[in-house]
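Residue numbers (the UniProt record's numbering): 2 to 223.
A short worksheet on the structure shown next.
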Amino acid sequence: LEFYLDTADVAQVARFNECLPLRGITTNPTILAKGGKGLNEVLAEMAEVLGADARFHAQVVSKTVDGMVEEAKQINELPYDMVVKVPATETGLAAIRKMKAEGIQVLATAIYSAHQGFLAALAGADYLAPYVNRIDGMGADGVKAVADLQQLLERHGLNSKILAASFKNTQQVTEVMKLGIGAITLPVDVMSQMLGHPAVEPAVSQFSLDWENAFGEKLSFE
Ligand code: E4P
């Protein structure tokens, strides 16, 4: 499983990189706009923390095929392992075909249904990013969309890897991971929730208290 954080916050990436093998980070224009730093600055900071093997996903913003392809080439020239994110629209799929002819790594993003993701796979996308929480928020079933997409890929022998995205709670994450998908990206708050069950801290504190009351602060074998 490739495990990504969906953030431009380098402090949080450094924090989780201490305890987990992060494959890299994913970003989108909204995340970068909120962070207030440009792509170059964010990538340089992230590379410092994650090292040379990290993979970064950065999105094009142009609305035309030629514009997207031009931006993809610029992203691809950056001195990192870059994947170009392209919205899986009609225009985006046309751009993806051209990017693949140039040997560029591509992630098809803004996927709201299994059939949309399937078309992006046919167009040649290396990664497919179904938006689990946003699908749930529209009254549909995000986990089922991912399961259906995975089944379509398997049935038709397509090699695109699902990079599940858009999560708001740990239940969504667990259900999607049970499907055995190839990659996932999590926002920092959901990542924190995964380690932050409210019962954990009291349980650990009680162990300390009981031990200290009986034997003092240090571990003793006597
Ligand atoms: C990833 O490709 C998406 O940009 C991202 O995960 C969307 O997440 P959101 O629905 O929390 O904005």
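All C-beta atoms, glycine included, are put in the ideal place defined by N, C-alpha and C.
Every value quoted in this text rests on a predicted model; they were computed, and no experiment measured them.
Buried versus exposed, by CB contacts within 10 Å (16 or more), Cys2: Sequence inspection shows Leu at residue 2; the Cys mentioned does not correspond to that position. Its Cβ having fewer than 16 others within 10 Å, Leu2 is exposed.
Contact defined as beta carbons within less than 8 Å: I believe Gly25 pairs with Tyr5. What is the distance between those atoms, to the nearest angstrom? 6 Å
Burial state of Lys210 (16 or more Cβ within 10 Å): As written in the sequence, residue 210 is Leu, which differs from the Lys given in the question. With fewer than 16 Cβ atoms within 10 Å of its Cβ, Leu210 is classed as exposed.
Where Val55 and Val205 are concerned, what is the direct C-alpha to C-alpha distance, given to the nearest angstrom? Per the sequence shown, residue 55 should be read as Ala rather than Val. Distance between the alpha carbons of Ala55 and Val205 is about 33 Å.
Cβ-Cβ distance between Met47 and Val11 below 8 Å: Result yes, Cβ atoms of Met47 and Val11 sit closer than 8 Å.
Would you mind listing the beta strand (DSSP E) stretches within the region 145-212 that are 3+ residues and don't spill past its ends, in chain order? 162-165 and 184-187
Please name the residue, chosen from Gly93, Gly140, Ala59 and Gln194, that lies closest to Thr175 on a Cα-to-Cα basis. Nearest C-alpha to Thr175: Gln194.
Regarding Pro188 and the ligand E4P, is the C-beta to nearest heavy atom distance less than 7 Å? yes
With DSSP as the reference, label Phe4 as helix, strand or coil. strand
Which residue wins for smallest C-alpha separation from Val62, given the options Thr110, Ser221 and Tyr132? Thr110
In the region 115-143, which residue ranges form an unbroken beta strand (DSSP E) of at least 3 residues, counting only runs that do not cross its ends? With a minimum length of 3 residues, the continuous beta strand (DSSP E) runs that stay inside the region 115-143 are 128-131.
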